[in-house]
Amino acid sequence: MDDKAPQDTTHFGFRDVPVGEKKKLVGEVFSSVARQYDLMNDLMSLGIHRVWKRYFVGTSGVKRGDRVLDLAGGTGDIAALLHDRVGDTGSVVLGDINAQMLGVGRDRLTDRGLVRGLEYVQLNAEALPFPDASFDLVTIAFGLRNVTEKANALREMHRVLKVGGRALVLEFSQVKPEWFRPVYDFHSFQVLPRLGKLFANDADSYQYLAESIRKHPPQDELRAMMETAGFHRCDYRNLSAGICAIHSGYRV
């Protein structure tokens with residue numbers, strides 16, 4: 336288990352809830368913020384998430400003709416960047432468990448004229464509806480921390496990768512400089528919910544999102560989880576002093 340709570344419960348932010356309820360509770364959060372998702376990320380990262388995402392895709396190694404799965408695809412930011420790189424001969428599948436988020440992503444990409452080579456699938460990352468060895472690259476950006484059983488999702492990511500394929504996880508992580516942690520905590524727990532209330536009339540969802548970051552496995556623990564899931568050459572790279580990190584692993 337990747338949680339410290341008993342097996343019949345898991346964490347939802349700082350609360351312990353029955354395992355069966357977490358998907359519903361997380362779904363309610365993201366249904367609430369779906370139309371304000373970019374604003375949410377701007378508030379949580381002070382706008383830097385756009386740079387992180389470009390770096391994430393720019394260092395992914397994705398190439399023309401690749402077939403890519405982008406999990407927790409949100410409003411399509413990562414899928415759009417990947418689509419530019421796989422070209423006319425490649426394809427990107429945008430997957431998300433939340434129908435509202437998936438709809439926002441599809442509408443935004445379609446409005447930008449991005450149609451060919453894109454597919455949209457409502458799915459659960461813990462049980463992917465694809466055959467083994469289906470993708471050259473699997474990405475998940477700012478979504479793994481909301482998965483109930485992260486170990487199951489990592490095993491599924493490994494299963495659907497082709498041999499030689501790569502999994503990439505971009506996620507908020509553990510801030511490294513000790514002196515910076517109180518500043519970051521103040522922003523997360525005092526400023527962020529108030530901004531969420533002010534701009535989105537939704538303080539509770541932003542409070543949960545801040546708490547979910549603290550419950551997410553830190554860098555070395557997540558690397559160990561990827562190794563347990565079967566990945567090789569697992570490594571991570573901290574961005575912005577560890578506010579977020581890119582984890583990488585290969586199927587061999």
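Taking our numbering, the leading residue of the sequence shown gets 336, the next gets one more, and so forth. A virtual CB, placed ideally from N, CA and C, is assigned to each residue, including glycine.
For the alpha helix (DSSP H) that contains residue 583, what are its first and last residues?
Position 248 of the sequence shown holds residue 583. Judged by DSSP secondary structure, residue 583 falls outside any alpha helix (DSSP H) and instead within the beta strand (DSSP E) spanning 579-585.
Could you please give the first and the last residue of the uninterrupted beta strand (DSSP E) stretch that includes residue 426?
Residue 426 sits at position 91 when you count from the first residue of the sequence shown. Per DSSP, residue 426 belongs to the beta strand (DSSP E) from 426-431.
Name the two residues that bound the continuous alpha helix (DSSP H) containing residue 383.
Here residue 383 refers to the residue found at position 48 of the sequence shown. Element bounds for residue 383: n/a, residue is neither H nor E.
Just the C-alpha distance for residue 393 and residue 500, rounded to the nearest angstrom, thanks.
Stepping through the sequence shown from its first residue, residue 393 is reached at position 58. Stepping through the sequence shown from its first residue, residue 500 is reached at position 165. Answer to the nearest angstrom: the Cα atoms are 16 Å apart.
Residue 506 - partner residues in DSSP beta bridges:
Within the sequence shown, numbered from 1, the residue matching residue 506 stands at position 171. The partner list for residue 506 (beta bridge, DSSP) reads 580.
Taking contact to mean at least 3 C-beta pairs separated by less than 8 Å, is the region 487-502 in contact with the region 527-539?
Note that the region 487-502 does not touch the region 527-539; fewer than 3 beta-carbon pairs, one per stretch, sit closer than 8 Å.
Okay, do the region 508-522 and the region 439-453 touch, 3+ Cβ pairs below 8 Å being the bar?
no
Helix, strand or coil: how does DSSP classify residue 460 here?
In the sequence shown, counting from the first residue as 1, residue 460 sits at position 125. Note: residue 460 maps to coil in three-state DSSP.
Note down, in chain order, each residue of its chain lying with its Cβ closer than 7 Å to the Cβ of residue 411, except the 5 sequence neighbours on either side.
Mapped onto the sequence shown, residue 411 falls at position 76. Answer for residue 411: 429, 440, 443, 444, listed in chain order.
Figure out for me which residue from 418, 553, 416 has the closest Cα to the Cα of residue 485.
Translated into the one-based positions of the sequence shown, residue 485 becomes position 150. The shortest C-alpha separation from residue 485 is found at 553.
Is residue 459 closer than 8 Å to residue 547 when the C-beta atoms are compared?
Locating residue 547 in the sequence shown gives position 212, counting from the first residue. Locating residue 459 in the sequence shown gives position 124, counting from the first residue. No, Cβ-Cβ distance for residue 547 and residue 459 is not below 8 Å.
Consult DSSP for residue 567 and reduce its assignment to one of helix, strand or coil.
The residue you call residue 567 lines up with position 232 of the sequence shown. If DSSP states are grouped into helix, strand and coil, residue 567 belongs with the strands.
Assuming contact is defined by CB atoms lying nearer than 8 Å, are residue 566 and residue 577 in contact in what I supplied?
Taking the first residue of the sequence shown as 1, we reach residue 566 at position 231. Taking the first residue of the sequence shown as 1, we reach residue 577 at position 242. Their beta carbons are not under 8 Å apart, which means residue 566 does not touch residue 577 by this criterion.
Can you grab the Cα-Cα spacing for the pair residue 399 / residue 415, in whole Å?
Within the sequence shown, residue 399 is the residue found at index 64, counting from 1. Within the sequence shown, residue 415 is the residue found at index 80, counting from 1. So the two alpha carbons sit approximately 14 Å from each other.
Assuming residue 445 is part of the alpha helix (DSSP H), what are its boundary residues?
Taking the first residue of the sequence shown as 1, we reach residue 445 at position 110. Residues 434-446.
By the DSSP assignment, the beta strand (DSSP E) with residue 471 in it spans what residues?
By 1-based counting over the sequence shown, the position of residue 471 is 136. Where residue 471 is concerned, the enclosing beta strand (DSSP E) starts and stops at 470-476.
Which residue or residues does DSSP assign as beta-bridge partners of residue 403?
Within the sequence shown, residue 403 is the residue found at index 68, counting from 1. BP columns for residue 403 point to 427, 472.
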